[in-house]
Structure formats: C-alpha cells, structure tokens
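Below is one structure; the comments refer to it alone.
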Amino acid sequence: MGKTTKKIIYRFMRRLVSAAYAFGFRNIIISGYSNIKNKKPALFVANHQSTFMDGILMGITAVKASPYILVRADIFKSKAAKVGLDLIRLLPIYRKRDGLSSVTQNDSVFEKCFQLFEEKGVVALFPEGNHAIERSLRPLQKGAARIALQAEERNNFELGLSVIPVGLHYENHSERWHDVYIHYGEPFSLLPYKELYLENPQKALKDLTDKIREGIEKEIVDIKWKEEYTLFEQLRQLIKPYSLSLQPEAKSIVHAESTLLEKIR
Numbered sequence: 001m002g003k004t005t006k007k008i009i010y011r012f013m014r015r016l017v018s019a020a021y022a023f024g025f026r027n028i029i030i031s032g033y034s035n036i037k038n039k040k041p042a043l044f045v046a047n048h049q050s051t052f053m054d055g056i057l058m059g060i061t062a063v064k065a066s067p068y069i070l071v072r073a074d075i076f077k078s079k080a081a082k083v084g085l086d087l088i089r090l091l092p093i094y095r096k097r098d099g100l101s102s103v104t105q106n107d108s109v110f111e112k113c114f115q116l117f118e119e120k121g122v123v124a125l126f127p128e129g130n131h132a133i134e135r136s137l138r139p140l141q142k143g144a145a146r147i148a149l150q151a152e153e154r155n156n157f158e159l160g161l162s163v164i165p166v167g168l169h170y171e172n173h174s175e176r177w178h179d180v181y182i183h184y185g186e187p188f189s190l191l192p193y194k195e196l197y198l199e200n201p202q203k204a205l206k207d208l209t210d211k212i213r214e215g216i217e218k219e220i221v222d223i224k225w226k227e228e229y230t231l232f233e234q235l236r237q238l239i240k241p242y243s244l245s246l247q248p249e250a251k252s253i254v255h256a257e258s259t260l261l262e263k264i265r
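In the UniProt record's numbering, the protein residues as written are 1 to 265.
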C-alpha cells in the first residue's frame with residue numbers, strides 16, 4: 001500500500017474516531033498545542049492513565065503533528081491487527097515481560113522512529129511503560145531518552161529533535177461522559193546532552209529521563225504521597241470548583257489543582 005493511500009485512510013480514520021470520541025467525552029480541553037504544533041521533528045512523552053485511549057487522544061487532537069504512537073506490542077498479535085493498527089499510526093513497543101526475543105524486535109521499531117524523525121515526523125510514547133488510573137506519575141523507563149539520544153547521535157546531533165512533555169488528565173475514569181485534559185508542555189532540545197552522552201551515555205540517559213519526568217510532572221496532577229493518596233484525591237475534588245479563582249494565573253484547572261495540593265501538603 002502506497003504512502004498516499006495510507007495518508008488518506010489515516011485521515012478518514014482520524015475523523016471517524018474523533019466523531020466517536022465526541023460521544024465519549026463531555027469536553028476535550030487542550031492547552032499548549034499552539035506553541036508546539038510546528039515543532040518537527042518531535043518526540044511527545046506523556047503520562048499513561050488509560051491503555052488504548054491515551055494514544056488515540058493524542059492522535060486525533062494533535063492534528064498538524066499526526067504522531068505515530070508507540071503502544072504495547074501484545075495488541076499486534078494477529079495479522080489483521082498489525083495492518084489496521086499500522087494504518088492509524090500505532091507502532092509496537094516490546095517490554096521485558098514480553099520475553100528477551102521479543103525485546104530484540106524493538107531494534108526495527110527504533111529504526112522506524114529514527115527514519116520518521118529524519119523525515120520531520122513526530123513520535124509519541126509513554127515512558128512509564130504501563131498504565132494506571134491513579135493521579136501519580138510512576139517511575140519512568142529509559143526508552144524515551146534512548147530513542148531521542150540515539151536519533152541525534154546518528155545525525156551528529158544536527159537533527160534538531162524537540163522533546164515535548166504531555167500531560168493527560170481524565171476527570172473521572174469511572175464515568176463515560178466526563179472531561180479530559182491534554183496539556184502540551186515546554187519543548188526542549190537535546191543539544192545540552194551531547195557532550196555528556198558522548199562521554200557517559202548511561203549518565204546522559206538518566207539525566208534526560210529525569211528531565212522528561214520533570215516536564216510531565218508540570219502538566220499533570222501528581223499525587224506523590226502514596227500513603228495519603230485517597231485523602232488528597234478527595235481534597236482535589238473538593239477544591240476543583242474554586243481552583244481557578246484561587247490560582248487565576250494557572251494555565252488550566254488541572255495546573256491550578258496541582259499547585260493548590262502542593263500548597264496544602
């Protein structure tokens with residue numbers, strides 16, 4: 001199937017899914033996208049609260065970017081699934097739990113990502129490596145940092161790749177008709193990591209992963225206090241109606257909630 005045909009099918013499917021999602025969510029609120037929509041090539045790095053939905057939401061809302069989304073490989077088991085998921089720009093990523101032989105298949109997936117970046121494309125992934133509905137950012141895997149730095153390395157750090165943190169926030173997972181927020185954070189360059197990566201790749205991977213974490217944390221409600229999670233989630237719901245009036249300078253209600261919870265803590 002040619003590239004032109006794939007693009008036509010992708011655009012049709014995106015509109016179809018967008019229409020379907022209009023009946024699933026009350027509102028899809030996006031912030032920050034106008035600042036990054038022309039940043040190409042780019043790597044979107046997002047928190048992961050819902051298995052399939054997170055990637056689809058980014059795909060249908062980041063229209064100009066039209067990102068390829070890295071998702072868990074087990075949904076690609078059948079040939080029909082592989083063809084269909086490829087048409088909507090989903091790519092498989094293999095995890096250690098899938099077995100060592102499966103993980104080696106990531107090499108071809110990474111190569112696909114490198115080629116997309118070199119063609120001024122956009123890739124999105126979820127560095128937590130798993131999903132959970134709690135409003136807490138879990139430990140990040142180094143895969144996002146590895147893809148980004150290896151892409152720059154093979155292009156002598158002249159690729160100009162931007163890493164863009166993304167925050168996804170579902171107001172109420174248990175209800176179908178609720179608001180979802182998608183926040184695009186400040187993009188950053190990989191040039192500051194060039195010398196460190198050439199001298200000490202592992203340290204560069206760790207530092208970049210930490211930077212990615214900091215970026216995502218700024219775009220979500222991150223309840224870090226596990227032993228008090230239930231209490232702070234209840235507090236979040238109580239202060240929600242007053243969040244923006246108490247934090248009028250906040251970028252969104254989610255950012256206002258996050259700031260207020262930090263102050264209460």
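Yeah, the Cβ is synthetic: ideal placement off N, Cα and C, and Gly gets one too.
Candidates the options, of which the one nearest residue i by Cα
i    : options              : result
L65  : R89, A73, L205       : A small correction: the amino acid at residue 65 is Ala; Leu does not occupy that position in the sequence shown. Comparing Cα positions, the closest option is R89.
G167 : L190, A124, K203     : A124
I253 : L261, K240, E118     : K240
P139 : V83, E217, E111      : E217
Q150 : N172, L198, E134     : L198
K39  : K112, A80, E119, K6  : E119
I133 : N156, L87, M53, G160 : M53
F23  : H131, F232, E175     : E175
L16  : E233, N35, G59, F114 : G59
Coil, strand or helix - residue i by DSSP
i    : result
G55  : helix
L137 : coil
R26  : strand
L85  : helix
L159 : coil
H48  : coil
R72  : strand
P248 : coil
A124 : strand
Own chain partners of residue i with C-beta closer than 8 Å, once the 5 adjacent residues on each side are dropped
i    : result
R26  : W177, H178, D179
S243 : A250, I253, A256, E257, L260
L116 : P41, Y68, V122, V123
L57  : Y21, I28, L168, V180, I182
Beta bridge counterpart(s) of residue i as assigned by DSSP
i           : result
G167        : H183
S31         : H183
F188        : V163
L90         : I69
residue 279 : Residue 279 lies beyond the stretch modelled for the chain, which goes from 1 to 265, so this question has no answer here.
H131        : Per DSSP, none; premise fails for H131.
H178        : F25
Whether residue i touches residue j by CB criterion (8 Å)
i    : j    : result
Y33  : Y184 : yes
P67  : V122 : yes
P165 : V83  : no
A148 : L235 : no
L161 : E153 : no
L191 : F157 : yes
Own chain residues within Cβ distance below 7 Å of residue i, not counting five before or after
i    : result
A145 : L205, L208, T209, I212
I30  : T61, I182
N172 : H178
Other residues of its chain near residue i: CB distance less than 6 Å, five sequence neighbours each side excluded
i    : result
Y229 : I223
P92  : A73, F76
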